[in-house]
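In the numbering used here, the protein residues as written are 14 to 224.
C-beta atoms are modelled at their ideal positions from N, C-alpha and C, and glycine is treated no differently.
Okay, so here's the structure we're looking at.
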Ligand code: BEZ
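Structure below.
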């Protein structure tokens, strides 16, 4: 059965461009982004890994460990990483799993046989420090992912993990958030002293509480 939100992310040991690792040991108590690519030496993947490397400070600020995967071997990864560093003007500083036997890809449902029998699609998982899966997306090989959107979701997940709020459509860090239905309207002033506005009894906004 495929993984769903709230499931525990399976642990694994794998060969990577940075040596063998145990996934849970690599994550430690941090958040994690695990994402797959169809193959090494492909154009869209090259830009995706470059973009991820260029955002490494943004991931670090949010205490997120990043790890990529493709089903190609480590020696191929090493040469490709050199190309990514050269062409994208970055230093890829996160591991790239060499999932040659597709064990991780199978465990995470990264192979969608009706898209490709052999290659992983562009799957991405955000995993919280308690190892629960918080986001799953699958993009086709022909469409590169939007890594600003990944950071935006991480901001939302980290905020909503700590406050009784949710983030509305297109929300960005610093904008007003919605108060969750579990909070009674009469309890809002005590919980959200920065103020609130009631649009409908079920649609209540408050300034981002941790700003
Ligand atoms: C790419 O990463 O550029 C790619 C991979 C497979 C199919 C199409 C594009």
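Nearest neighbour of residue 96, chosen from 211, 63 and 28 [CA to CA]: Against the chain shown, residue 96 aligns to sequence position 83. Taking only the C-alpha atoms, the option nearest residue 96 is 63.
Per DSSP, what kind of secondary structure is residue 111 in: helix, strand or coil? Residue numbering aside, residue 111 sits at position 98 when the chain shown is read from its first letter. Note: residue 111 maps to strand in three-state DSSP.
Got a sec? Which residues, its chain only, sit under 6 Å from residue 154 by beta carbon, not counting five neighbours each side? Against the chain shown, residue 154 aligns to sequence position 141. Within the same chain, residue 154 has close Cβ partners 51.
Is it right to say residue 211 is buried, meaning 16 or more other beta carbons lie within 10 angstroms of its own, or is it exposed? Your numbering for residue 211 matches position 198 in the chain shown. Exposed: under 16 other Cβ atoms inside 10 Å.
Could you give the DSSP three-state label for residue 65: helix, strand or coil? Position 52 of the chain shown holds residue 65. Helix.
If I follow the unbroken beta strand (DSSP E) through residue 152, where does it start and stop? Walking along the chain shown from the start, residue 152 turns up at place 139. That run of the beta strand (DSSP E) goes 146-152.
To the nearest angstrom, how far is it from the Cα of residue 220 to the Cα of residue 177? Within the chain shown, numbered from 1, the residue matching residue 220 stands at position 207. Within the chain shown, numbered from 1, the residue matching residue 177 stands at position 164. Straight-line Cα distance between these residues: approximately 12 Å.
At 3 residues or longer, what runs of the beta strand (DSSP E) sit wholly inside the segment 41-85? 44-49 and 77-83
Nearest to residue 165 by alpha carbon, out of 24, 74, 143 and 213? Numbered from 1 along the chain shown, position 152 holds the residue referred to as residue 165. Of the listed residues, the one whose Cα sits closest to residue 165 is 74.
Any chance the CB of residue 173 is under 8 Å from a heavy atom of the ligand FAD? No copy of the ligand FAD occurs in the structure displayed; its ligands are the ligand BEZ alone.
Within the chosen definition, does the segment 179-187 reach the segment 140-156 through at least 3 CB pairs nearer than 8 Å? no
Roughly how far, in whole angstroms, is the beta-carbon of residue 152 from the beta-carbon of residue 138, given that I think they are within contact range, below 8 Å? Working through the chain shown from its first residue, we reach residue 152 at position 139. Working through the chain shown from its first residue, we reach residue 138 at position 125. 13 Å between Cβ atoms; not a contact.
Beta-carbon proximity check, residue 66 vs residue 90, cutoff 9 Å: Counted from its first residue, the chain shown places residue 66 at position 53. Counted from its first residue, the chain shown places residue 90 at position 77. No; because the gap between Cβ atoms is not below 9 Å, this pair is not in contact.
Residue 56 Cβ short of 8 Å to the ligand BEZ heavy atom set: Position 43 of the chain shown, counted from the first residue, corresponds to residue 56. The answer is yes for residue 56.
Using the Cα positions of residue 223 and residue 190, report the straight-line distance between them to the nearest angstrom. In the chain shown, residue 223 corresponds to position 210, counting from 1. In the chain shown, residue 190 corresponds to position 177, counting from 1. Approximately 11 Å between the Cα atoms of the pair.
Verify the contact flag: residue 132, CB atom, against every heavy atom of the ligand BEZ, threshold strictly below 8 Å. Working through the chain shown from its first residue, we reach residue 132 at position 119. Flag set: Cβ of residue 132 near the ligand BEZ.
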